[in-house]
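Read the structure below first, then the notes.
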Amino acid sequence: MRTLRSDARVDVQRQSPVSRGLRVTAAPWTLPTASDAPRAPIAPALARPATASRRGVTAFASAASPPAAPPPPLPAAAQRTPEEQVLAQLRNVIDPDFGEDIVACGFVRELAVDPAAGSVSFTLELTTPACPVKEMFQRQSTEVVKALPWVRDVSIRMTAQPPKPLLPESGRPGGLAKVRHIIAVSSCKGGVGKSTVSVNLAYTLAQMGAKVGIFDADVYGPSLPLMVNPEVKVLEMDPATKAIFPTEYEGVKVVSFGFAGQGSAIMRGPMVSGLIQQMLTTADWGELDYLVVDFPPGTGDIQLTLCQTVSFSAAVIVTTPQKLAFIDVAKGIRMFARLVVPCVAVVENMSYFEAEGKRFFPFGQGSGERIQRDFGLPNLVRFPIVPDLSAAGDGGQPLVVADPTCATSAAFMELGAAVVREVAKMGGRPVRQAVYYDQQQDLVAVQLPGEEEFLLPPVVVRENDTSATSIDEWTGQRKRDEVPQDARPTAINPLGNYAVQIAWSDGFNQVASYELLDELRRYAVPRRGPVAATLPGGLAAEAHLA
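So, in structure tokens, the structure goes:
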């Protein structure tokens, strides 16, 4: 241990994906001696392992986490009660995604048995109403229970857990408080059919039984007014609360700038970003299982604002077989990885067409496989060149609504099932990340997934800001502006899945990524005295990752 004097300064230059240099200014704290050996880079969201649990799969796994205790052994068959016999049979029904039986997953509820009448009834409460294997669960459960010699009748009620937002209502903006999962659909390159995929995916999820909304985030070229034909074509606003009421088509809530009436078509980036943020967060979405967000092309301010405004559960990437599309899509996947939004599927649109019994690939092959291989995406779905797909969209009715039994609609059902499956794996038990300022300790507390809380002196966090305000973008050198030693956090708020925004007492605003805070762990100091309660007044930030 060594004590830094008030006039001492330590500069540590590090190669890091998020910081070009870390420095610590002396303060009246005792800091551990830091090793200059480089630390292993933090894996992006795409590569982070997921671990199964009784309720799902958490986004991050702790190596120190003990294995789940095995279920208690059932008594011998001769000693089992009728209820135990039924549960023993139901343990033969395995969830293919979680790898556990439906009893261990907690799906079996309200079991009622009447041995005299030979009747059994129970509820299967699944994680989502859009579960792609719910019919299989119902069929297999009926078969295994009827295998008991005394059972003559089996009644199963299929239901789903009520929507539980990833963030508590106090931590998610306005109208998104009751939205369970938010799905980004992005391409980064225009003209690849992203809006067509977004709309048909939303209506596929609705056909699977979910409550769904879709938000068109492209202000410059909104697509929803052409692709759906709602009876009410103008968004309305509550004059008292300023809440926007989504319009609705075929049971799906829709919001688009194209439904906002006539307005200026020439707007700068900050204006557009603010408008998108306002429309997304003030819309009264109500209770939704999935909100599909149709991203505009690119990886600029608008996309960053969206990921900072809300916590996305997952992203679907749309591309075409061309090499140029692959280059742009790779940028988008890296953006989502940096913002800790897991990409769960890649869609290769306009992949091929069929004629005279043969399949032709006019734009080449292999782009989708390369994206899936290079970035470790779990699902790849190909869509052919089909005139009916674009014709249905141009006519104001998505193809999955106009012709739900065609081959293309079946491909969208495959995509919808993949999204539901991957989100369910990650969203069963949200992992909390919390950053707050403990006024009693005069320290910034950081809690990362699967790890113990650590404490940082405020000056350490402040002096290692990685923004252009603190680092010269041309030279990469840290600017030598002095940081007030008495600067303290006045508010800490989450930015999407990847960072917190810290307001400082001298008026400075800092975006501190969880990756940067983890890099600063080496300068952690011990706690003095009892743990202080989370302080009121916006000083704490908590994020739940899907």
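Residue numbers (UniProt numbering): 1 to 546.
Built from N, CA and C at the ideal position, the CB exists for glycine as well.
This structure is a prediction, so every number in the text was calculated from the model and none was measured.
Under the three-state DSSP convention, the category Met426 falls into: DSSP places Met426 within a helical segment (H, G or I) once states are collapsed to three.
Selected residue, minimal CA-CA separation from Val420, among Thr320, Val133 and Val93: Checking every option, the nearest Cα to that of Val420 belongs to Val133.
Where Met237 falls: helix, strand or coil (DSSP): DSSP, reduced to helix, strand and coil, places Met237 within a strand of the structure shown.
Supposed contact pair Val461 and Leu389 - C-beta distance, whole angstroms, cut 8 Å: Rounded, the Cβ-Cβ distance is 50 Å, inconsistent with contact.
Selected residue, minimal CA-CA separation from Gln485, among Thr142, Asp442 and Ala410: Closest by C-alpha distance to Gln485, out of Thr142, Asp442 and Ala410, is Asp442.
Beta strand (DSSP E) segments (min. 3 residues) lying fully within the segment 335 to 397: Here the runs fully enclosed are 343 to 348, 353 to 355, 358 to 360 and 380 to 382.
Meets three-Cβ-pair contact criterion under 8 Å: the segment 246 to 261 and the segment 209 to 228: At 8 Å Cβ cutoff, the stretches touch.
Straight-line gap, Ala240 to Ile183 (C-alpha atoms, nearest Å): Straight-line Cα distance between these residues: approximately 30 Å.
Per-residue burial, Glu169 [other beta carbons within 10 Å of its own, 16 or more giving buried]: Residue placement at Glu169 is poorly supported in this model, since its pLDDT is 44, which falls under 50; the coordinates are not used for a value here.
Whole runs of the alpha helix (DSSP H) within the segment 180 to 261, excluding any shorter than 4 residues: Along the length of the segment 180 to 261, whole alpha helix (DSSP H) runs at least 4 residues long occupy 194 to 207 and 224 to 227, reported in chain order.
Member of Phe336, Gly251, Trp474 and Val228 whose CA lies at the smallest distance from the CA of Lys211: Out of Phe336, Gly251, Trp474 and Val228, Gly251 has the C-alpha closest to the C-alpha of Lys211.
Cβ-Cβ distance between Phe454 and Ala411 below 8 Å: Taking C-beta atoms as the reference points, Phe454 and Ala411 fail to come closer than 8 Å.
Alpha-carbon spacing of Phe295 relative to Leu339, whole angstroms: Roughly 15 Å between the two C-alpha positions.
Own chain, CB closer than 6 Å to Asp284, minus 5 neighbours either side, in chain order: Taking Asp284 as the centre and dropping the five residues before and after it, the same chain places the C-beta of Gly175, Ala243 and Phe245 closer than 6 Å to its C-beta, in chain order.
Proximity below 8 Å, CB of Val108 to CB of Val145: Not closer than 8 Å, so no.
Entirely enclosed beta strand (DSSP E) segments - the segment 442 to 491, minimum 3 residues: Qualifying beta strand (DSSP E) stretches, in chain order: 443 to 447 and 454 to 456.
Own chain, CB closer than 6 Å to Ile385, minus 5 neighbours either side, in chain order: Excluding its 5 nearest sequence neighbours in each direction, Ile385 has C-beta neighbours in its own chain below 6 Å: Met350 and Phe353, listed in chain order.
For Ile502, the three-state DSSP class (helix, strand or coil): Strand, per DSSP.
Euclidean distance between Cα positions of residue 553 and Gly191: This structure gives no information on residue 553, because the portion of the chain shown stretches from 1 to 546.
Reference Glu369; option with closest CA among Thr320, Met158 and Leu275: Ranking Thr320, Met158 and Leu275 by Cα distance to Glu369 puts Thr320 first.
Top-ranked residue by Cα proximity to Asn229, from Asn509, Ala417 and Asp394: Across the set Asn509, Ala417 and Asp394, the C-alpha of Asp394 shows the shortest separation from the C-alpha of Asn229.
Close-in-space but distant-in-sequence residues of the same chain around Gln372 (CB under 6 Å, 5 per side omitted): Taken in chain order, the residues that qualify are Val346 and Leu380.
Sequence-distant residues of its chain with Cβ nearer than 6 Å to Phe361 (five each side left out): The answer, listed in chain order, is Tyr352.
Exposed unless 16 or more other CB atoms sit within 10 angstroms - verdict on Ser195: That one is buried.
C-alpha gap between Val179 and Gly286, whole angstroms: Cα to Cα, the separation comes out at about 7 Å.
Selected residue, minimal CA-CA separation from Ser513, among Val329, Ser367, Gln447 and Gln277: It is Gln447 whose Cα lies nearest to the Cα of Ser513.
Identity of the residues DSSP links to Asp403 by a beta bridge: Answer is none; Asp403 lacks a bridge partner.
Lys331 to Leu291 span [Cα, whole Å]: CA-CA distance, Lys331 to Leu291, rounds to 24 Å.
DSSP-derived helix/strand/coil call for Thr123: Strand at Thr123.
Whole-Å CB distance - Gly298 paired with Cys188, under 8 Å assumed: Confirmed, about 6 Å.
Backbone secondary structure at Pro168 - three-state DSSP: Unreliable placement is indicated for Pro168, whose pLDDT of 44 sits below 50; the coordinate value is still reported in the next sentence. The three-state secondary structure of Pro168, taken from DSSP, is coil.
Beta-carbon contacts of Lys233 that lie in its chain and below 8 Å, excluding the five residues immediately before and after: Excluding positions up to five away in sequence, the list reads Pro225, Thr247 and Phe259.
Element boundaries [alpha helix (DSSP H), containing Ser141]: Lys134 to Lys146 is the extent of the alpha helix (DSSP H) around Ser141.
Selected residue, minimal CA-CA separation from Glu422, among Gly450, Arg382, Pro458 and Pro378: It is Pro378.
Residue range of the unbroken alpha helix (DSSP H) whose run includes Glu515: Residues Tyr514 to Glu519.
Assigned exposure category for Leu324 - 16 Cβ within 10 Å defines buried: Label assigned to Leu324: exposed.
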